[in-house]
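A.B. asks: One point on numbering: in numbering that gives the first Met the number 0, the residue at position 184 of the first sequence is 183, and numbering is uninterrupted. Quick reminder that beta carbons are idealized off the backbone N, C-alpha and C, glycines included.
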Amino acid sequence: MLDKHYDHKKVESGKYEKWVKGGYFTAGDNSKPAFSMVIPPPNVTGKLHLGHVIDTTNQDIICRYKRMKGYDVLWLPGMDHAGIATQAKVEEKLRRQGLNRYELGREKFLEKVWEWKDEYAKTIHTQWASLGLSVDYTRERFTLDEGLNEAVKHVFVTLYNEGLIYQGEKIINWDPVLKTALSNIEVVHKEDKGQFYYFKYDVVGTDEHLIVATTRPETMFGDTAVFVNPKDKRYKHLVGKKVINPANGEEIPLMADPYVDLEFGTGAMKCTPAHDPNDFMLGKKYGFQFIKCLDEEAKMNEKAGKYCGLDRYECRKQLVEDIKKNGHLDHIEDIVHEVGHSERSDAVVEPMLSKQWFVKMKPLAERVIENQKTDNKVNFVPSRFENVLLNWMNDVDDWCISRQLWWGHRIPAYYNNETGEVLVSETEPDMSKYHQDEDVLDTWFSSGLWPFATMGWPNGEKDYSRYFPTSCLVTGYDIIFFWVSRMIFQSLHFTNNIPFKDVVIHGLVRDSQGKKMSKSLNNGVDPIDVIEKYGVDALRYFITTNCTPGQDMRYIEEKVASSESYLNKIWNATRYVEGVLGDDFIPSKIDKSKLSVLDASILSKLQKVIASMGKSMDEYQFGTASSILFDFVYDDFCSNYLEFSKISLSKNDEGSLVTKNVLYKVMRSIILMIYPYAPFVGEELYLSLPMHLDSVCLESYPSVEKEFINKEAETKEGALEEMIKDIRNYKSENSLAPNAKVRLLISPKEPFEGSSEYLARFSFASSIAITKDKLDGQTFIYDGFEMSIEEDVDRDVLLAKLKEEKARLEGEIARTTKMLSNPGFVSKAPTAKVEEEREKDRINKEKLKTVEEKLASFN
RNA sequence: GGAUGCUUAGCUCAGCGGGAGAGCAUCGCCCUUACAAGGCGGGGGUCGUAGGUUCGAACCCUACAGCAUCCACCA
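(1) By Cβ distance, which residues of its chain are closer than 6 angstroms to LEU309, with the 5 residues on each side in sequence left out?
(2) Inspect the beta-carbon positions of ILE210 and PHE195 and report whether they are closer than 8 angstroms.
(3) Can you check DSSP and say which residues form a bridge with PHE444?
(4) Give the range of the beta strand (DSSP E) segment to which HIS875 is assigned.
(5) What residue range is occupied by the uninterrupted alpha helix (DSSP H) comprising ASP877?
(6) Do PHE488 and PRO468 have their CB atoms nearer than 8 angstroms?
(7) I'd like to know whether the C-beta atoms of LEU440 and SER401 end up nearer to each other than 8 angstroms.
(8) With distances taken between CB atoms, is the gap from SER431 to PRO411 smaller than 8 angstroms?
(9) If we count the other Cβ atoms within 10 Å of its Cβ and call it buried at 16 or more, is PRO41 buried or exposed?
(10) When the Cα atoms are used, what is the spatial distance from ARG760 to GLY654?
(11) Between MET360 and ASP396, what straight-line distance do the alpha-carbon atoms span, to the nearest angstrom?
(12) Mind checking whether PRO381 and GLY549 have CB atoms under 8 angstroms apart?
(13) Per DSSP, what are the beta-bridge partners of HIS188 in this structure?
(14) Do ILE769 and LEU758 count as a contact pair if the criterion is CB distance below 8 angstroms?
(15) So is the beta-carbon of LEU662 under 7 angstroms away from any non-hydrogen atom of the ligand GTP?
(16) Whose C-beta lies closer than 7 angstroms to the C-beta of ASN738 among residues of the same chain, with five residues either side of it excluded?
(17) In the DSSP assignment, what residue or residues form a beta bridge with LYS169?
(18) Quick one: using the 10 Å Cβ neighbour count with 16 as the cut-off for buried, is THR122 buried or exposed?
(19) Where does ARG383 land, buried or exposed, given buried means 16+ other C-beta within 10 angstroms?
(20) With 16 as the cutoff for other CB atoms within 10 Å, does LYS515 come out buried or exposed?
(21) Using the three-state DSSP reduction, which class does HIS48 fall into: helix, strand or coil?
(22) Pair every Cβ in the stretch 747-757 with every Cβ in the stretch 780-795, then say whether three or more of these pairs are closer than 8 angstroms.
(23) Which partner residues does LEU75 have in the DSSP bridge list?
(24) Apart from the five residues on each side of it in sequence, which residues of its chain come closer than 8 angstroms, Cβ to Cβ, to LYS664?
(25) Taking its Cβ as the centre, do 16 or more other Cβ atoms sit within 10 Å of ARG100, making it buried, or is it exposed?
(26) Strictly by DSSP, which residues pair up with PRO252?
(27) Between which two residues does the beta strand (DSSP E) containing PHE226 stretch?
(28) Give me the Cβ distance between GLU149 and ASN458, rounded to the nearest whole Å; I'm assuming they're in contact under 8 angstroms.
(29) Which term fits GLY534, buried or exposed, when burial requires 16 or more other beta carbons within 10 angstroms of its beta carbon?
(30) Sorted by chain position, which residues of the same chain lie with C-beta nearer than 6 angstroms to PHE824's C-beta, five sequence neighbours on each side aside?
(31) Tell me the residue span of the beta strand (DSSP E) that contains LEU472.
(32) How many Å lie between ALA273 and GLU250 at the Cα?
(33) Can you find the residues in the same chain that come closer than 6 angstroms, C-beta to C-beta, to GLU295, ignoring five residues on each side of it along the sequence?
(34) Provide the residue span of the beta strand (DSSP E) that contains GLU785, from first to last.
(35) Can you give the Cα-Cα distance for ILE726 and SER647, rounded to whole angstroms?
(36) Kindly identify the DSSP beta-bridge partner or partners of GLU332.
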C-alpha cells in the first residue's frame, strides 16, 4: 500500500541503480526501429547547473517516450575534454598551489589534467543518476578517447589533403592570459568604457598637422602609415607626403584608400597591419611591413623602445603622458565601445599577427546552405533557429583551429628537423627526424565529430550503420554557432549525411527576476538543493513544462512546489485506486456494452487525451502535452470520475467491477503518460498497480482505442457536471454550507438513467423527484430538461435570476444570429463550425422559450 | 549597423484564425474516509498602440513604442 504522502526521497531511492542494472537503457534490439540521440557532452570543468537539467531532461523525456512507442533507443552519453576551459581551471588550481604548467612540463601537467577529469567525470555520473537520465552507459565516450583521437586525426589529415586546412599567418584573437589563439566566437564582445586619444601628426615639409584618433595608442609602434579617404577634401593636398608618428618620431606615409570612412573620427586613420584585421588587409594590399610591438603576454617588445617590457596598459598611460608633454596630444574623449574579451579568461583579447592552422570555411559552409534547401535538411524546432545557422554560415570567416595549449588533440603535423618541411599524417613518422607541432586543436573541432565519431566512424561499422544519422539533438540556442553548425558541416563533408534529423532548441533558465544566472550575481540555483527539497521529478516536471521551445524561462521555486503537488495528486489518486482494487483484483478486458454513461465518458475523454498528448509529444511540445494531461487528471479524472466511482463501487455488483476496470485502465494510462516526465514516481506508482512488468521502463505508451470514443456519453456526463456545479454555486451564493441539504426537482426527465443517484450524493440532496410538472423554484435550464432547487427563495430573487438568465441567453442568441445571418460566414466558414453554431442557436432558443414561459407565469 | 524574440488576469507564463486560459496570489465556504502539500465556489483581462487583410483577429500583414537577446573589424 502506498504511503499517505508522497515522499520523494523514499521514492527515488534505489530505482536508478535498478534500471541501469536491468539494462533498460541499453540499446540494441534490432527487431525494433532505431531512434538515436547523442548527449551534448558536458565539459569536465564543473558541476551541474539548471542549464544541464533543462537540456538533459528534455532528452530523457524524448528517449523514455520513444522507448514506450516501440523504438530501440540509443541515447549515447559522454563528456567533452573542453580544452581551453579545462586547462584554464587546472592552471588556476596550480596557481593557487604556487605552481605553473611550465614548471611541471607538458607530460606532468597532462597527468594533473587527467586526474581532474576523472574527478569531474565521477561527479557528472552522480548527477546524471540523480536526474534519472536513461543513457546507455555501455556506449559512453570521451572526446579524448582512442576512437575519437583516430577520427580527429583522420579528419584533420583529410581536410589538409583536400586543401581545406591550411597553415597561415593572419590576424587572430590572442588571449594574453592563457597565451593562445582563439576563434572568433570564443571572443565575447562587451561594452567597456575607454578613451579615444586624438594625436597630432606633423606633416613633413609643411607646417601643417593632421589629427588621428585611436583607442589603442600602444600599437602606434607598429604603425606603417596613416590613411585618409581619397575623396576627402580636407587632406587631398597632403596625400603622398610623410607624417611623423608621435610615438616614436618615425616618418610614415600618408596614403589614401576608399576603405576609410569620411564621417568617422577625424577621417584620418592610423594603420597597424600586425595588430588589426582591417589594417592587415590594407597592409597586404600595399605590401607593408608587419611590425609586431606586443609579445604573447601583451607586453611591449623592443619595437616600443623605452617602453619595452611594460604591460600594454601601463605603456598606454606613459606614452599618452609623454606625447602630451611634447605637445602632440590634441584631446582625449571618453567613449563606450565594444571590446573583445576572452570567453574563458575574460582578458581583453589582442588582435595579433600569428602563424596558425585554419579551416577554409567557404566550401563547407556552402554545402550546409545548399543542403538546407533540400528535403534532407536539418529540421529546427522552432524553425526560426534555422536562420541563426544560415546567417552565420553565410558570412563565416576561416576557422582558427590551433591552440597554444597542452590539453587536447595534438595537431598531427610533423616538421622535418633539418628542412622544417611539414608532414601531415595520421601515423607518426620517424621521430628522430621529425618533431610534432606543439599545438592542440580547438575543442569544437572534435565536438563537431561527436554524433558519428562516437558511433565508430570511420572504422567500426556496427552502431554507425544502425544509429547514424541520429534522430534528434537537443540543445540551447546559445551553442548553435559553436557546436550545431560544426556538426552539420563536418557530418555533411565526411558522412555525406546530416548528423541529426531534428534539432530541438530550448532557452536559458534565468533567475526569478529574469536575470541570467551567474557567479558574479550569485543568483545561481543548485539543482541538487532543489532535488533535495522537492524531488527530482518535480524539478524535471517544472523545467520541461513551464516553457515553450526556444524561449527563455525563469526559475520560480513556487512552481517547483506546485509541480510536486501535482505529482502528489497523482500519487493519491493511485493510492485510492490501489485501495479500491484490493489485492486480488485481476484486470479484465472492458466490455463496451457494459459501460455506464460515466464509465463510457471518462474512457472517451481518455482516448482524446492519449491522441492529443501523443501528438504534442511527437512534436516535442512538452509544455502543451503536459497541460493536456494535467487538465484531464485534475478535472475529468480526480474531481469527477474518481468521485463518481465511489457510488458505483459501493454497490459491489457487476457494474462496480466494470468501474474497477475502468479506474485501473485510466489510472494506469495516466501513470504511463506522466512517467517520461517523472520516472521515479512513475515507476513507484506503476509497480503499485496489479499486472505490471518488472519496471515501467519496459511498458508501452497507451494507444488510442477508437471503440471507446463516445461523444453522447460525454455530453450526458457533462450535463451532470453542470448540474452539480449549479447547485454548488447556488449554495455559495446563498451562504449555505457545501454540504447543506437541498430538495431537488427535475423535469421532465433526468439527464440519463441513474444520474439522480450521483446528483443526490454530490449535491447533498435530501430528496430528488422527477416530475412532468412545470418547475417554479429556482430553476436551472439545460438541454432538454430543467432542475429546480426547492428552497424558500424570495420571489424577487427568483425573478431577478430569471431575468439575468434571459439576458444571458438573448446575448448568446444575438451572437449566433449575427453569425448565421452573415452570408459570408455560412458560405465560407467550415461546415462543422456552422453546424456547431446552429446547434447552439437551437439549444439557446429552446432555453429562452422556457425562461420566457416562467417569466410569464410570474404575473 | 544587421537579426530575432517578447509585450495576454496582481505575479510568472501558455494559447497563435472561430466564444479569453493555467499555476501562484486573492476572496468566500468546507477537517466530505485518495489527497488540508487538500476540496468546492467566486472575483479579476477592451490580449502594447495605430492601421490593414478576413465572414471572423490575442492569433495573419504593415508601421510605431517599450523590454530583452544574438551577430558585426568601424579606427
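C.D. replies: Judging by the given coordinates:
(1) Here the set comprises MET299.
(2) No, they are not a contact pair.
(3) According to DSSP, PHE444 bridges with nothing at all.
(4) In this structure the chain extends from 0 to 858, so residue 875 is not present and cannot be described.
(5) The shown model of the chain, from 0 to 858, leaves out residue 877, and the question about it has no answer.
(6) no
(7) yes
(8) no
(9) buried
(10) 18 angstroms
(11) Looking at the two C-alpha atoms, the distance is approximately 7 angstroms.
(12) yes
(13) GLY339
(14) no
(15) Inclusion of the ligand GTP in the displayed structure is not the case, the ligand content being empty and no account of it being possible.
(16) PHE763
(17) SER353
(18) Of the residues assessed, THR122 falls on the exposed side of the cut-off, its CB having fewer than 16 other CB atoms within 10 angstroms.
(19) exposed
(20) LYS515 should be labelled exposed.
(21) coil
(22) Taking a contact to require three or more Cβ pairs closer than 8 angstroms, the stretch 747-757 and the stretch 780-795 qualify as touching.
(23) VAL37
(24) PRO586, ILE589, LEU602 and LEU605
(25) buried
(26) LYS241
(27) 224-227
(28) 7 angstroms
(29) buried
(30) Hits under 6 angstroms: MET818.
(31) Where LEU472 is concerned, the enclosing beta strand (DSSP E) stretches over 469-475.
(32) 18 angstroms
(33) LYS178
(34) Its beta strand (DSSP E) spans residues 785-788.
(35) 22 angstroms
(36) Answer by DSSP bridge pairing, in chain order: PHE195.
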